[in-house]
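Structure, as structure tokens:
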């Protein structure tokens, strides 16, 4: 199952909270899984004025975000804009507008709403029902307020050029990753970012070509870590517009909680003849022993490119 989400950040970025009164907003598409054991989310970066395109397949097995949503595999999409119009000491007033771009409601006019939010509060804009309960029971378009984050670029402990691996310890209680993603962005409103159980992981960057064949473009493994981050070497593909470099980065971490303790963040950037960015997330339980899970990266928006990139992971929780 591919679960897509909001922008992650380039390698070697640490996250530091600002003063609690400095609130920002983000918009999200959240999914409640049919099993009740896992969820997915896709959304915007945090800011004062945000614009996001969110997308999903009809069953909400996969959700995506960004200006370059998964038009090839997604049946539904929405565009949401939100702007802070007033600030008080502990709350913000926000004007929100949203419209369905693809799917049954695409012919309807945009809807608007004004909401007032305190830090950590969410407002549901619309409740969505999947075509079946194969993957999800319910999904919601939401807006949330939270303390804004500032980002300090630099190399964290245990990081190296292109990849970083950090076990629990320094930075674990603050949500600072040694290897590159602003992980606190992954779950806006979730304040329990302390790292959890140690694990062993093996990852493969897979590239599916136009003829249907697959090849491994990158591989790595780590043992006894609570956070694993990696940026793979760029993969160059030929397109009708010219050569494009595809750069994939990922972060895998555990959270110190009983429910959905595993968080995976993926980031895909294009440079060269095309410049695009997309990202993906998965939140859930550890896979079964020996199971290999796969997450597909965002497709190429508005471009005649059939290449598909994905990450395969074998994760073992240490007892």
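In this note's numbering, the protein residues as written are -17 to 301.
Ideal Cβ placement from N, Cα and C applies to all residues, glycine included.
In this chain, the beta strand (DSSP E) harbouring residue 225 covers 224 to 236. Shown here, residue 254 sits in a strand according to DSSP, grouped into three states.
With respect to residue 11, residue 121 sits close: the two C-beta atoms are nearer than 8 Å. The region 176 to 204 is shown to contain whole beta strand (DSSP E) runs of 3 or more residues at 181 to 190, in chain order. Residue 297 and residue 214 do not touch by the CB rule: their CB atoms are close to 18 Å apart, not below 8 Å. Here the alpha carbons of residue 70 and residue 79 stand approximately 22 Å from one another. Annotation: the continuous beta strand (DSSP E) that includes residue 77 extends over 73 to 84. Counting along the chain, the unbroken beta strand (DSSP E) around residue 276 starts and ends at 274 to 278. For residue 218, the enclosing beta strand (DSSP E) stretches over residues 217 to 221. Considering only 45, 34, 259, the residue with the shortest C-alpha distance to residue 265 is 45. Where residue 68 is concerned, the enclosing beta strand (DSSP E) starts and stops at 58 to 69.
Within the same chain, and ignoring the five residues on either side of residue 240 in sequence, no residue has its Cβ closer than 7 Å to its Cβ. In the structure shown, the three-state DSSP call for residue 300 is coil. For residue 34, the secondary structure class from DSSP, reduced to helix, strand or coil, is strand. For the pair residue 33 and residue 6, the Cα-to-Cα distance works out to about 13 Å. Closest option to residue 128, judged by alpha-carbon separation, among 39, 100, 186: 100. The region 87 to 102 makes contact with the region 57 to 77; the number of CB pairs closer than 8 Å reaches 3 or more.
In this structure, the beta-carbon distance from residue 235 to residue 209 falls below 8 Å. Nearest in C-alpha terms to residue 37, of all of 299, 300, 262, is 262. Within 10 angstroms of the beta-carbon of residue 281 lie 16 or more other beta-carbons, which makes it buried. Going by DSSP, residue 111 is part of no beta strand (DSSP E) at all; its letter is neither H nor E. Less than 8 Å separates the beta-carbon of residue 212 from that of residue 202. Exclusion of the five residues before and after residue 114 leaves 41 as the residues of its chain whose Cβ lies within less than 6 Å of its Cβ. Residue 9 is positioned such that its CB atom lies no closer than 8 Å to that of residue 92. If you check the CB distance, residue 237 and residue 178 come in under 8 Å. Here residue 9 carries a strand assignment [DSSP, helix/strand/coil].
Comparing alpha-carbon positions, the option among 104, 57, 106, 73 lying closest to residue 83 turns out to be 57. Here residue 188 has 196, 197, 198, 199, 276, 291, 292, 293, 294 as same chain residues with Cβ atoms under 8 Å from its own Cβ, once five neighbours each way along the sequence are excluded. Shown here, residue 40 sits in coil according to DSSP, grouped into three states, outside any helix or strand. Between the alpha carbons of residue 287 and residue 257 lies a distance of about 14 Å.
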